[in-house]
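Heads up, the thing below is written out as structure tokens.
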Amino acid sequence: MTRSPLWITSLLCCVLLFAGYNARAAEEVSLYINYLPHRITGDSGKQYDLFLEELFKDVEHELVYKYGPLKRSATSFSVDRNSCLFPTNAWALKASLGDQSLRLISSAPVDVVSLRLYTKTKHSGPVDVDRFQPERIGYILGSGAIALLGDRSKRFMPLSSEEQLIRMLELDRLDAFLGHHPDTALALDDLNKPDMLHVTPAAILDFRLPISVVCHDSEQFRSFQMKLDPRIKEMATNGRLQDILGSHAEIFDHANEVKQDF
Numbered sequence: 013m014t015r016s017p018l019w020i021t022s023l024l025c026c027v028l029l030f031a032g033y034n035a036r037a038a039e040e041v042s043l044y045i046n047y048l049p050h051r052i053t054g055d056s057g058k059q060y061d062l063f064l065e066e067l068f069k070d071v072e073h074e075l076v077y078k079y080g081p082l083k084r085s086a087t088s089f090s091v092d093r094n095s096c097l098f099p100t101n102a103w104a105l106k107a108s109l110g111d112q113s114l115r116l117i118s119s120a121p122v123d124v125v126s127l128r129l130y131t132k133t134k135h136s137g138p139v140d141v142d143r144f145q146p147e148r149i150g151y152i153l154g155s156g157a158i159a160l161l162g163d164r165s166k167r168f169m170p171l172s173s174e175e176q177l178i179r180m181l182e183l184d185r186l187d188a189f190l191g192h193h194p195d196t197a198l199a200l201d202d203l204n205k206p207d208m209l210h211v212t213p214a215a216i217l218d219f220r221l222p223i224s225v226v227c228h229d230s231e232q233f234r235s236f237q238m239k240l241d242p243r244i245k246e247m248a249t250n251g252r253l254q255d256i257l258g259s260h261a262e263i264f265d266h267a268n269e270v271k272q273d274f
């Protein structure tokens, strides 16, 4: 049966369109974002928002940003194999999800987030979580670091924001809370209460987590991260990251970098 030139042309157009769609789909990456009101909101123009804007400038992948609270973003990322998550740490993420089988890769670290203990009153000598009743200790819901504190942490009180933690402490409904630094420091600045609380000078149990763009392990994402790493390291060494993230941030020291794929 002879086909008309018009039919053949239409068929070729459909094939080319389908191939083009598949190519675009292969390049599309879902980037799940842990919404942090003082660091990354999608429209702040500062902090991690500005960092991502500069980091992903001119990348060939089509990034689809999907913002959500910590727990929801982590869960969505874990079941979407064509995705990445930021800001996060692979080790803490696996602990939070309770799934050590996830095969993840991490970009070059951006900055370091530590877990600090905040109290309303100043205590003499070292202070740690064992001093307080666990039901009177608060933390941010979805924090991966909390799961690393053992069974006692299951009795801590989860709250959805730094503002709620600070307010509960003000009202004496908490004796202390575990906050992420620099997030809590930024929240206190935004509330114009920078010196209201007392904070442990060192991270609780030395929990200092390098923050990265974490992706599912695949050839595509290894290539993707190979392009990101030089940009991150350059921004860290030339001072741009410190300018963006501010004085509270501890920029990762790439001179002493430790591989963090788990």
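Going by our numbering, the first residue of the sequence shown is number 13, and it counts up by one from there.
In this text, a Cβ means the ideal position worked out from N, Cα and C, and glycines have one as well.
Using only CA atoms, which one of the options lies nearest to residue i?
i	options	result
P222	K78, L43, D123 and G57	D123
R179	T131, D218 and S108	T131
S165	A267, L257, L153 and F89	L153
P194	P146, R51 and D92	R51
P99	L109, D70 and N46	N46
F144	L186, L67 and L82	L186
L43	L62, S88 and Q59	S88
R167	E175, L183, G150 and Q59	G150
P81	L97, E74 and D92	L97
R148	W103, R252 and L181	L181
F189	N94, D70, H73 and L127	L127
E246	G54, L67 and L257	L67
Let me confirm a value: residue i is counted as buried when at least 16 other C-beta atoms fall within 10 Å, else exposed. Which label applies?
i	result
N34	Low confidence applies to N34: its pLDDT is 42, below 50, so where it sits in the model is not reliable, and the reading given next is rough at best. Exposed: under 16 other Cβ atoms inside 10 Å.
T212	buried
V76	exposed
L121	One detail in the question is off: residue 121 reads as Pro in this sequence, not Leu. Result: buried.
N268	exposed
Q112	exposed
R234	exposed
A31	With a pLDDT of 40 at A31, under the threshold of 50, the predicted position of this residue should be treated as unreliable, and no value is reported.
K106	buried
S136	exposed
E174	buried
G57	exposed
T125	Per the sequence presented here, residue 125 reads as Val, with Thr not at that position. Flag for V125 reads buried.
L257	buried
According to DSSP, is residue i helix, strand or coil?
i	result
E175	helix
S165	helix
L64	helix
L114	coil
L109	helix
H249	Looking at the sequence provided, one finds Thr at residue 249 rather than His. T249: helix per DSSP, three-state reduction.
D229	coil
D218	helix
V41	strand
S85	helix
Assuming residue i contacts residue j (C-beta within less than 8 Å), just tell me the rounded distance between them.
i	j	result
L109	A86	6 Å
S224	S118	4 Å
A248	H266	6 Å
D142	L129	About 11 Å; that fails the 8 Å criterion.
Measuring from the CB of residue i, is there a heavy atom of the ligand COA at a distance below 7 Å?
i	result
A157	Of ligands this structure carries none, so the ligand COA is not represented either.
Straight-line CA distance for residue i to residue j?
i	j	result
M238	Q176	39 Å
M208	A197	10 Å
L275	D184	Lying outside 13 to 274, the shown extent of the chain, residue 275 is not represented and no answer is given.
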